[in-house]
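Under this note's numbering, the letters of the sequence shown match residues 583 to 704, in that order.
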Amino acid sequence: MPRARLGVALLLPAPLSAEVDGLRRAVGDGSLRRIPAHLTLVPPVNVAEARLPEALAMLRRAAAATPPLALELGPPRTFLPDSPVLYLGVEGDVTEVHALRGRVLRDPLARTTSWPFVPHVT
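The following block contains the structure:
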């Protein structure tokens, strides 16, 4: 059965994404040209192609149920000692980010996660 690899993320608006990309460039982020700065809601997951319309409909419902988010980027942090990932913390409507994640981390995009969800930008 053919599958698509999907992830769900919030992208940063253009002026802010350019500034974050400057930081990423300064620390030598190897994914800079391949992956835009983002806040991951659902890490990559395989979805059967036949279920893509269902996934898209679920994402549209989740987006429609979400008020505009007022978020601020906090200081750089890492997940050490578990992971050396360098990220920017997220502050503001974090409760609503958690709620949005709960609305999108569902079948057919459901997956088991190994770590607690920490809203952050990479």
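Quick reminder that beta carbons are idealized off the backbone N, C-alpha and C, glycines included.
Spatial neighbours of residue i in its chain, beta-carbon cut-off 6 Å, leaving aside the 5 residues before and after
i	result
LEU687	VAL624
ASP689	none
Option nearest residue i by Cα separation, candidates the options
i	options	result
PRO649	ARG685, LEU655 and VAL590	ARG685
LEU653	ASN628, HIS620, PHE661 and LEU588	HIS620
ALA639	HIS680, LEU691, LEU655 and VAL700	LEU691
VAL590	ASP603, VAL602, PRO658 and VAL629	VAL629
Extent of the continuous beta strand (DSSP E) to which residue i belongs
i	result
GLU673	665 to 674
GLU601	Note, GLU601: premise wrong, no beta strand (DSSP E); alpha helix (DSSP H) at 596 to 608.
LEU592	585 to 593
LEU653	653 to 661
LEU621	620 to 630
Enclosing alpha helix (DSSP H) for residue i [first to last residue]
i	result
GLU636	634 to 646
Test item: CB-CB of residue i and residue j under 8 Å
i	j	result
THR695	TYR669	no
ARG585	GLU636	no
LEU682	ALA644	yes
LEU594	ARG606	no
PRO626	ARG587	yes
LEU651	GLU678	yes
Distance cut-off 7 Å: residue i Cβ against heavy atoms of the ligand ADP
i	result
LEU598	For the ligand ADP, the structure offers nothing, since it holds no ligand at all.
Cβ distance (whole Å) where residue i is taken to contact residue j below 8 Å
i	j	result
VAL672	GLY656	7 Å
Own chain partners of residue i with C-beta closer than 8 Å, once the 5 adjacent residues on each side are dropped
i	result
HIS680	PHE699 and PRO701
ASP664	TRP697
Spatial neighbours of residue i in its chain, beta-carbon cut-off 7 Å, leaving aside the 5 residues before and after
i	result
VAL667	THR660, PHE661 and THR704
THR622	GLY589 and ALA591
VAL609	LEU668
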